[in-house]
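Report on the structure given below.
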Amino acid sequence: MSDKHGDYYIGVDVGTGSARACVVDHQGNIVGLASQDIKTWRPHPEYYEQSTSNIWNSICVAVKEAVQQCGTPVSNIRGLAFDATCSLAVFSRESDSPVSISSPDFTTDRNVILWLDHRAVDETKIINATNHPVLDYVGGAMSVEMEMPKILWLKNHMRPDQFRDCKFYDLADALTHLATDKETRSYCSAICKQGYLASATDGRAEGWQLDFLTAVGLENLAADDFGQLGGINGQNGEYLSAGQCVGLLSEKAAASLGLLPGVAVGSGVIDAYAGWIGTVGAKVGLGIDSGDEREQVVHRLAVVAGTSTCHLAMSNEELFVPGVWGPYQNVLFPGAYLAEGGQSATGELIRHVVESHPAYPVACKAAKTGGIHIYDFLNKHLQQEALRKTAPSVSHLAKHFFFYGDLWGNRSPIADPDMTGTIIGLKSDLSINNLALHYYGALEFIALQTRQIVDTMNEHGHQISVLFMSGSQIQNGILVNLIASTCKVPVVLPEYVHAAVCHGAAMLAAMAASSQFASVSKDLWTVMGEMSKPGWRVDPSTDENEQRLLQAKYEVFLDMCFRQREYRDLVDRKLSAGQ
């Protein structure tokens, strides 16, 4: 426990299903951590809606509990910052109250279209059909999960007067607004709407791109100097990099959070970006770093692995990678660029493969009898099978089993939403052995696709040589070892396995507080250096036989990936030829 008279900082992480708050001391030690569920409504199969009112109430409960746990007086809380999912929050320009996003009546208090909402498929196609240069900053094509298609959907379904009254926020910025009453936006939120450029290789000025908005049918958003989107930086709006101080906690927000007014509030980020902050500064001997650690950040890829996985890499220059979002300037460090690859479903893929197998009920019962999680049970089963069969490694159990797992389409690096899954080696076996084989196949697919993303990024100028992982999946030892061995690079795991994202948000709070209460304002990398905790490394397998096997599996993986598209094209050509 820290000195009760020291300074403390609060990071709030708003994920898909819960809000978490952590309190850290000046050394980055987590001294309080609490979570509260948030509600999600699904009025239609592809619709996912939330409410900032409900989210804020959950945040308040979590913050109060976390502060109570650490036992420090609230007068010692100096900073607060938020991260959140990349979801679209809508408020009224006139009243600043939540605006319903629920069609057809738009009468609920649900004002958040969640990131995984897929209502805007048609709008996404319209946007991508423009082939506008802005799309170069999202790997060539916009995702249905981004915010600009959602805004276009609202325009197409709301009354014109309703739509004109909307002001749009990324969720993290909306929470910062509720905490401070400030109308600022983060660069992180601007780039997620994908109509804003901090800089561009074609000489475009920073700001919202009017020709893009016009091309997609949203030219009316230019009214009042883009007031609905946050305005023009330095004119009627303000855009900040991560952790820069937005303002001070308002009296109203402080009362609901159980804090005192005047706490510094930092500019927030998307949850995956907070995972980057909370992991890549981990103190661990890599044997590859030299000189200024700040210069080594370009070699570090953050892999934030939960329901889905994000792959975040920093660069000092503008690097375009097919199928990878970015380069985004000023998001974390002023002047630096961030790129974001991703796998749309990894944790969800593992869950689906395990729970849909006929042997799942039997395996679940056996795991419960042994007092362990089903994944731990399957890992143990695989290791015992390898011993029983005297296999050189678990990987050899599946040497002739080939699993391709893009069941929800491909986000990176080929950005093909029509991709599906494939299995070669399917049998009629309904046993736990077969369940374990399919489970391993899903893990191996995640590792192989991670290598494909890393290789693609490096082929286009990145310099990735070590992975820093966070999220629930890092508790899976077989998966982590597979990723290290398949990618042939060390994997570093954080001390705070369950709270790396929340820990990253707390670092933003500390940075904001330094600009208000310290004699010297600190930049983000300095704060990360002071508050990051020791991590531990997992090295690639040195077994040459296993490495040869994984190399062969990677070559088969690539063939399965691209052969699927060739099959689709072949069928489509034959059908079109007969018309």
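In this note's numbering, the protein residues as written are 1273 to 1851.
Glycine included, C-beta positions come from ideal geometry on N, C-alpha and C.
Being a predicted model, the structure only gives us computed values, none of them experimental.
Contact belief for residue i with residue j at Cβ below 8 angstroms, rounded distance in angstroms
i	j	result
M1418	L1407	About 11 angstroms separates the two Cβ atoms, so there is no contact after all.
F1378	P1370	With 8 angstroms as the limit, F1378 and P1370 do not qualify as a contact, their Cβ atoms being about 11 angstroms apart.
A1771	I1302	6 angstroms
A1514	V1384	Not confirmed; about 21 angstroms, so no contact.
N1705	E1767	Not a contact, Cβ separation roughly 36 angstroms.
A1306	Q1341	7 angstroms
L1426	Q1322	Between Q1322 and L1426 the Cβ distance is about 15 angstroms, and since that is not below 8 angstroms, they are no contact.
Y1409	G1598	6 angstroms
G1287	D1445	So it is not a contact: roughly 17 angstroms between Cβ atoms.
V1596	G1613	5 angstroms
V1764	R1809	5 angstroms
A1334	A1392	30 angstroms between Cβ atoms; not a contact.
A1663	G1351	That pair is no contact at about 52 angstroms.
I1750	N1651	5 angstroms
S1374	R1365	Contact doesn't hold; Cβ gap of about 19 angstroms is too wide.
A1338	G1289	So it is not a contact: roughly 18 angstroms between Cβ atoms.
S1522	T1452	6 angstroms
Interface flag, residue i vs chain B, CB-CB below 8 angstroms
i	result
D1844	Here chain B cannot be found, since the structure has a single protein chain.
Cβ-based neighbour list, residue i, same chain, cut-off 6 angstroms, excluding 5 preceding and 5 following
i	result
L1485	G1467, E1491, L1493
S1346	One detail in the question is off: residue 1346 reads as Val in this sequence, not Ser. Contacts found: L1531, L1532.
I1463	Y1600
L1707	H1629, A1631, A1635
K1336	G1530
N1400	A1413, M1414
N1682	D1688, M1691
K1465	E1419, M1420
I1646	C1636, A1639
S1787	C1517, S1793
Option nearest residue i by Cα separation, candidates the options
i	options	result
H1390	H1298, E1366, H1653, L1424	L1424
T1348	T1798, N1383, R1840, V1296	A small fix is needed here, since residue 1348 is Asn in this sequence, not Thr. Comparing Cα-Cα distances from N1348 to each of T1798, N1383, R1840, V1296, the minimum goes to V1296.
A1670	F1717, D1648, G1614, G1515	F1717
D1474	N1682, F1592, N1602, S1458	F1592
W1548	V1576, G1503, Q1341, T1692	V1576
R1457	A1472, V1537, D1394, G1411	V1537
L1720	K1825, I1704, Q1788, Y1711	K1825
K1699	R1683, W1328, F1674, N1730	F1674
G1506	A1470, S1528, G1540, V1488	A1470
E1816	H1629, T1758, V1333	T1758
M1832	Y1712, R1809, T1692, H1710	T1692
L1573	E1510, V1810, A1611, L1754	A1611
N1753	E1731, Y1712, H1734, H1732	Y1712
R1476	G1503, H1404, A1527	H1404
G1534	S1616, A1526, L1765	A1526
H1672	I1696, T1357, T1662	I1696
S1703	F1605, G1733, P1633	P1633
V1416	S1372, L1388, K1524	L1388
G1499	I1646, T1551, W1328, Y1441	Y1441
Y1511	I1646, E1455, K1555, A1472	E1455
P1315	E1590, P1376, G1850	P1376
L1360	R1431, C1438, A1353, G1343	C1438
T1324	A1554, K1846, S1372	S1372
V1626	E1318, G1479, L1715	L1715
P1685	L1654, R1660, K1661, N1730	N1730
H1710	G1278, G1502, H1624, A1756	H1624
A1356	G1553, Y1545, S1528	Y1545
Q1836	D1795, G1677, W1797, H1732	G1677
S1330	A1756, S1528, D1844	S1528
Own chain, CB closer than 8 angstroms to residue i, minus 5 neighbours either side, in chain order
i	result
V1761	V1726, I1736, S1737, V1738, L1739, P1812
E1620	T1579, S1580, W1680
G1489	I1398, L1424, K1427
Nonlocal neighbours in the same chain, by C-beta distance under 7 angstroms from residue i, ignoring five residues either side
i	result
A1618	Just to set this straight, residue 1618 is Thr in the shown sequence, not Ala. Closer than 7 angstroms at Cβ, skipping near neighbours: A1577, S1580, T1581, I1718, Q1745.
S1562	The pLDDT assigned to S1562 is 47, lower than 50, so where the model puts this residue is not dependable, and the model offers no usable value.
F1649	A1635, A1638, A1639, G1642
I1327	V1286, A1291, I1310
The ligand COA heavy atom lying under 7 angstroms from the CB of residue i
i	result
H1668	Looking at this structure, you won't find the ligand COA or any other ligand, since it has none at all.
Quiz item: Taking contact to mean at least 3 C-beta pairs separated by less than 8 angstroms, is the segment 1733-1743 in contact with the segment 1569-1589?
Solution: Result yes; three or more Cβ-Cβ pairs closer than 8 angstroms.
Quiz item: Can you list the alpha helix (DSSP H) stretches of 4 or more residues lying completely in the segment 1426-1468, in chain order?
Solution: Counting whole runs of 4 or more residues, the segment 1426-1468 contains the alpha helix (DSSP H) stretches 1432-1436, 1443-1452, 1459-1465.
Quiz prompt | the segment 1510-1530 / the segment 1719-1736 touching (three or more Cβ pairs under 8 angstroms) | solution = Taking one beta carbon from each stretch, the segment 1510-1530 and the segment 1719-1736 have fewer than 3 pairs nearer than 8 angstroms; the two do not touch.
Quiz prompt | Touch test, the segment 1658-1668 against the segment 1810-1824, Cβ-Cβ under 8 angstroms, three pairs minimum | solution = By the Cβ rule, the segment 1658-1668 counts as touching the segment 1810-1824, because three or more pairs are nearer than 8 angstroms.
Exercise. Evaluate contact between the segment 1775-1785 and the segment 1795-1809, counting only Cβ atoms and requiring at least three cross-stretch pairs below 8 angstroms.
Key: Yes, the segment 1775-1785 touches the segment 1795-1809.
Exercise. Would you check if there are 3 or more beta carbon pairs closer than 8 angstroms linking the segment 1281-1291 to the segment 1776-1796?
Key: Using a Cβ-Cβ distance cut-off of 8 angstroms, the segment 1281-1291 and the segment 1776-1796 are in contact, since at least three pairs of beta carbons, one from each stretch, lie closer than that value.
Quiz prompt | Stretch-stretch touch, CB-based, cutoff 8 angstroms, three pairs: the segment 1782-1793 with the segment 1639-1652 | solution = No, the segment 1782-1793 is not in contact with the segment 1639-1652.
Quiz item: Whole alpha helix (DSSP H) runs in the segment 1323-1352 with 4 or more residues, listed along the chain?
Solution: If we require 4 residues or more, the alpha helix (DSSP H) runs fully inside the segment 1323-1352 come out as 1324-1342.
Quiz item: Fully enclosed by the segment 1464-1538, which alpha helix (DSSP H) runs are 4 residues long or longer?
Solution: List check, alpha helix (DSSP H) in window: 1482-1487, 1495-1498, 1523-1529.
Quiz item: Of all the alpha helix (DSSP H) runs that stay within the bounds of the segment 1770-1820, which reach a length of 4 or more residues?
Solution: Taking only runs of at least 4 residues, the alpha helix (DSSP H) segments lying wholly in the segment 1770-1820 are 1772-1789, 1796-1803.
Self-check item: Segments assigned alpha helix (DSSP H), at least 4 residues, entirely inside the segment 1352-1413
Solution: For the segment 1352-1413, the full-length alpha helix (DSSP H) segments reaching 4 residues or more read 1393-1401 along the chain.
Practice problem: Quick one: which unbroken beta strand (DSSP E) runs of 3-plus residues sit fully inside the segment 1558-1624? Chain order, please. | Solution: Listed in chain order, the complete beta strand (DSSP E) runs (minimum 3 residues) inside the segment 1558-1624 are 1572-1577, 1581-1587, 1597-1601, 1609-1615.
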